[in-house]
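Heads up, the sequence shown is in the working numbering, so the first residue is -4 and it goes up one at a time.
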Amino acid sequence: TAQTNAPDPSIMQQYWFVMLKRGENRSQDSVTAAKLQEGHMANINKMAEMGKLKLAGPFGDNGDWRGIFIMVTDSQQEAEQLVNQDPAVQAGRLAYEIHPWYGGGDLKTNFDFPEDNVEKDGVKPKMMKSYFFVMLLEGPNRDQDSVTAAKMQEEHLGNIMRMVKEGHVKLVGPFLDDSVWKGFFIFDVATEDEVKKLLANDPAIT
(Lines of atoms letter the chains of each structure in order from A and count residues from 1; the text may use other names and numbers.)
(Lines give C-alpha, C1' and ligand atoms only; values in the text may rest on other atoms or scores of the structure.)
Protein backbone atom coordinates (compact mmCIF):
# COMPACT_ATOMS: atom_id res chain seq x y z
CA THR A 1 0.00 0.00 0.00
CA ALA A 2 0.94 3.65 -0.17
CA GLN A 3 -0.33 4.29 3.33
CA THR A 4 1.39 6.98 5.39
CA ASN A 5 1.45 6.61 9.16
CA ALA A 6 0.10 10.04 10.14
CA PRO A 7 -2.61 9.50 12.76
CA ASP A 8 -4.59 12.36 14.25
CA PRO A 9 -3.61 12.56 17.95
CA SER A 10 -6.84 14.38 18.82
CA ILE A 11 -8.95 11.29 18.13
CA MET A 12 -6.42 8.45 18.32
CA GLN A 13 -4.00 7.03 20.85
CA GLN A 14 -1.09 4.62 20.81
CA TYR A 15 -1.51 0.98 21.73
CA TRP A 16 0.77 -2.04 21.49
CA PHE A 17 -0.23 -4.60 18.90
CA VAL A 18 0.92 -8.14 19.65
CA MET A 19 0.86 -10.78 16.95
CA LEU A 20 0.87 -14.25 18.49
CA LYS A 21 2.63 -16.71 16.22
CA ARG A 22 3.22 -20.42 16.07
CA GLY A 23 6.23 -21.18 18.28
CA GLU A 24 9.14 -23.45 17.49
CA ASN A 25 8.22 -26.01 20.15
CA ARG A 26 4.80 -27.51 19.47
CA SER A 27 5.68 -31.12 20.23
CA GLN A 28 3.78 -31.24 23.52
CA ASP A 29 1.37 -34.11 24.10
CA SER A 30 -2.34 -33.33 24.22
CA VAL A 31 -2.49 -33.17 28.02
CA THR A 32 0.43 -30.74 28.24
CA ALA A 33 -0.92 -28.66 25.35
CA ALA A 34 -4.31 -28.39 27.07
CA LYS A 35 -2.66 -27.29 30.31
CA LEU A 36 -0.63 -24.66 28.46
CA GLN A 37 -3.79 -23.41 26.77
CA GLU A 38 -5.49 -23.14 30.14
CA GLY A 39 -2.57 -21.08 31.42
CA HIS A 40 -2.63 -18.98 28.26
CA MET A 41 -6.28 -18.10 28.83
CA ALA A 42 -5.62 -17.37 32.50
CA ASN A 43 -2.89 -14.90 31.55
CA ILE A 44 -5.23 -13.23 29.06
CA ASN A 45 -7.86 -12.79 31.77
CA LYS A 46 -5.24 -11.50 34.20
CA MET A 47 -4.02 -8.85 31.74
CA ALA A 48 -7.61 -7.82 31.02
CA GLU A 49 -8.41 -7.50 34.73
CA MET A 50 -5.32 -5.31 35.13
CA GLY A 51 -6.63 -3.04 32.39
CA LYS A 52 -3.59 -3.75 30.23
CA LEU A 53 -5.32 -5.82 27.55
CA LYS A 54 -7.94 -4.07 25.43
CA LEU A 55 -8.70 -6.68 22.78
CA ALA A 56 -7.77 -10.30 22.17
CA GLY A 57 -8.82 -12.98 19.75
CA PRO A 58 -7.61 -16.07 17.90
CA PHE A 59 -7.39 -16.63 14.17
CA GLY A 60 -9.75 -19.25 12.78
CA ASP A 61 -7.39 -20.87 10.31
CA ASN A 62 -4.36 -23.07 10.94
CA GLY A 63 -1.70 -20.62 9.82
CA ASP A 64 1.40 -19.40 11.62
CA TRP A 65 -0.48 -16.39 12.98
CA ARG A 66 -2.41 -17.65 16.01
CA GLY A 67 -4.04 -14.53 17.43
CA ILE A 68 -3.72 -10.88 18.39
CA PHE A 69 -3.60 -8.70 21.48
CA ILE A 70 -4.10 -4.95 21.62
CA MET A 71 -2.51 -3.70 24.82
CA VAL A 72 -2.44 -0.47 26.79
CA THR A 73 0.89 -0.20 28.62
CA ASP A 74 3.41 2.54 29.32
CA SER A 75 6.11 0.89 27.24
CA GLN A 76 6.90 -1.99 24.93
CA GLN A 77 8.97 -3.50 27.73
CA GLU A 78 5.93 -3.62 30.01
CA ALA A 79 3.86 -5.29 27.28
CA GLU A 80 6.60 -7.86 26.71
CA GLN A 81 6.87 -8.61 30.43
CA LEU A 82 3.14 -9.33 30.60
CA VAL A 83 3.09 -11.51 27.50
CA ASN A 84 6.18 -13.38 28.70
CA GLN A 85 4.20 -14.56 31.74
CA ASP A 86 2.10 -16.71 29.40
CA PRO A 87 2.98 -20.40 29.97
CA ALA A 88 2.48 -21.11 26.25
CA VAL A 89 5.07 -18.45 25.41
CA GLN A 90 7.44 -19.73 28.09
CA ALA A 91 7.15 -23.26 26.69
CA GLY A 92 7.83 -22.08 23.13
CA ARG A 93 4.41 -23.17 21.90
CA LEU A 94 3.64 -19.55 21.08
CA ALA A 95 5.94 -16.78 19.92
CA TYR A 96 5.08 -13.15 19.32
CA GLU A 97 6.13 -9.79 17.96
CA ILE A 98 5.07 -6.34 19.11
CA HIS A 99 4.49 -3.15 17.13
CA PRO A 100 3.31 0.32 18.19
CA TRP A 101 -0.13 0.92 16.69
CA TYR A 102 -2.54 3.84 16.63
CA GLY A 103 -6.26 3.30 17.05
CA GLY A 104 -9.31 5.18 18.19
CA GLY A 105 -9.09 6.69 21.64
CA ASP A 106 -12.53 5.24 22.39
CA LEU A 107 -11.47 1.71 21.47
CA LYS A 108 -13.92 -0.70 23.05
CA THR A 109 -12.75 -3.81 24.81
CA ASN A 110 -14.09 -7.30 24.20
CA PHE A 111 -13.78 -8.08 27.91
CA ASP A 112 -16.53 -5.73 29.10
CA PHE A 113 -20.00 -6.87 28.10
CA PRO A 114 -23.24 -4.91 28.46
CA GLU A 115 -25.59 -5.85 31.26
CA ASP A 116 -28.14 -7.32 28.88
CA ASN A 117 -25.52 -9.68 27.43
CA VAL A 118 -26.19 -12.33 30.08
CA GLU A 119 -27.79 -15.73 30.07
CA LYS A 120 -31.54 -15.52 29.53
CA ASP A 121 -34.02 -18.40 29.55
CA GLY A 122 -31.16 -20.86 29.66
CA VAL A 123 -29.55 -19.43 26.51
CA LYS A 124 -25.98 -18.22 26.86
CA PRO A 125 -24.99 -15.11 24.87
CA LYS A 126 -22.48 -15.41 22.08
CA MET A 127 -19.46 -13.61 23.46
CA MET A 128 -17.31 -14.06 20.35
CA LYS A 129 -18.02 -13.67 16.65
CA SER A 130 -15.98 -14.06 13.49
CA TYR A 131 -14.36 -11.19 11.62
CA PHE A 132 -11.93 -10.91 8.73
CA PHE A 133 -8.45 -9.63 9.58
CA VAL A 134 -6.48 -7.88 6.83
CA MET A 135 -2.85 -6.84 7.29
CA LEU A 136 -1.70 -3.96 5.10
CA LEU A 137 1.85 -4.54 3.86
CA GLU A 138 4.31 -2.25 2.18
CA GLY A 139 3.63 -2.60 -1.55
CA PRO A 140 6.17 -3.01 -4.37
CA ASN A 141 5.31 0.30 -6.03
CA ARG A 142 6.25 3.21 -3.79
CA ASP A 143 7.96 5.47 -6.32
CA GLN A 144 5.03 7.84 -6.92
CA ASP A 145 5.78 11.56 -6.92
CA SER A 146 4.64 13.53 -3.88
CA VAL A 147 1.50 14.90 -5.55
CA THR A 148 0.34 11.46 -6.70
CA ALA A 149 1.17 9.89 -3.34
CA ALA A 150 -0.77 12.59 -1.48
CA LYS A 151 -3.81 12.10 -3.71
CA MET A 152 -3.71 8.33 -3.24
CA GLN A 153 -3.44 8.76 0.52
CA GLU A 154 -6.43 11.10 0.54
CA GLU A 155 -8.51 8.59 -1.43
CA HIS A 156 -7.21 5.76 0.76
CA LEU A 157 -8.39 7.53 3.91
CA GLY A 158 -11.67 8.43 2.25
CA ASN A 159 -12.31 4.79 1.43
CA ILE A 160 -11.53 3.83 5.02
CA MET A 161 -13.99 6.40 6.34
CA ARG A 162 -16.71 5.13 4.01
CA MET A 163 -16.19 1.54 5.12
CA VAL A 164 -16.28 2.54 8.78
CA LYS A 165 -19.40 4.67 8.31
CA GLU A 166 -21.15 1.83 6.49
CA GLY A 167 -20.30 -0.56 9.32
CA HIS A 168 -18.04 -2.82 7.26
CA VAL A 169 -14.88 -2.04 9.25
CA LYS A 170 -14.86 -2.45 13.01
CA LEU A 171 -11.23 -1.60 13.67
CA VAL A 172 -8.51 0.06 11.61
CA GLY A 173 -5.29 1.95 12.22
CA PRO A 174 -1.64 2.36 11.21
CA PHE A 175 1.54 0.97 12.70
CA LEU A 176 4.07 3.55 13.81
CA ASP A 177 7.38 1.79 13.21
CA ASP A 178 9.37 0.97 10.08
CA SER A 179 8.01 -2.55 9.70
CA VAL A 180 6.67 -3.77 6.35
CA TRP A 181 3.39 -3.98 8.25
CA LYS A 182 1.67 -0.65 7.63
CA GLY A 183 -1.70 -1.14 9.31
CA PHE A 184 -4.63 -3.51 9.58
CA PHE A 185 -8.37 -3.78 9.14
CA ILE A 186 -10.90 -5.90 11.00
CA PHE A 187 -13.91 -6.37 8.72
CA ASP A 188 -17.40 -7.24 9.88
CA VAL A 189 -18.81 -8.76 6.69
CA ALA A 190 -20.15 -12.16 5.69
CA THR A 191 -17.60 -13.35 3.14
CA GLU A 192 -14.00 -12.94 2.03
CA ASP A 193 -15.27 -11.86 -1.40
CA GLU A 194 -16.96 -8.87 0.25
CA VAL A 195 -13.65 -7.89 1.83
CA LYS A 196 -11.88 -8.08 -1.52
CA LYS A 197 -14.60 -6.02 -3.19
CA LEU A 198 -14.35 -3.29 -0.56
CA LEU A 199 -10.57 -3.16 -0.78
CA ALA A 200 -10.70 -3.03 -4.58
CA ASN A 201 -12.09 0.51 -4.24
CA ASP A 202 -8.86 1.68 -2.57
CA PRO A 203 -6.33 3.11 -5.08
CA ALA A 204 -3.44 2.63 -2.66
CA ILE A 205 -3.94 -1.12 -2.32
CA THR A 206 -2.60 -3.53 -4.91
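From the three backbone atoms N, C-alpha and C, an ideal C-beta is built for every residue, glycine too.
Closest by C-alpha distance to Phe179, out of Phe54, Trp96 and Ser25, is Trp96.
The beta-carbon distance between His35 and Asp81, rounded to whole angstroms, is 5 Å. This is short enough to meet the 8 Å contact definition. In the DSSP annotation of this structure, Ala86 is not part of any beta strand (DSSP E), being labelled neither H nor E. In the three-state reduction of the DSSP assignment, Pro169 falls in the strand class, which pools E and B.
With a contact defined as Cβ atoms closer than 8 Å, Ile93 and Glu75 qualify at about 6 Å. Apart from sequence neighbours up to five positions away, the residues of its chain that approach Tyr126 with a beta-carbon distance below 7 Å are Lys165, Ile181, Phe182 and Asp183, ordered along the chain.
The region 6 to 69 is shown to contain whole alpha helix (DSSP H) runs of 4 or more residues at 25 to 44, in chain order.
Comparing alpha carbon positions, the residue from Arg137, Asp140 and Leu77 closest to Glu44 is Leu77.
In the DSSP assignment, Lys177 falls within the unbroken beta strand (DSSP E) covering Trp176 to Phe182. The continuous alpha helix (DSSP H) containing Leu152 extends over residues Ser141 to Lys160. Residue pairing from DSSP places Leu132 in a beta bridge opposite Trp176. In the three-state scheme derived from DSSP, where H, G and I count as helix and E and B as strand, Pro198 is classed as coil. Take Ala90, set aside five residues on each side of it, and the residues of its chain with a beta-carbon closer than 8 Å to its own are Leu15, Lys16, Arg17, Gly18, Glu19 and Val84, in chain order.
For Leu102, no alpha helix (DSSP H) encloses it, and the DSSP letter there is neither H nor E. The beta-carbon separation of Met130 and Gln139, rounded to 22 Å, does not stay under the 8 Å limit for a contact.
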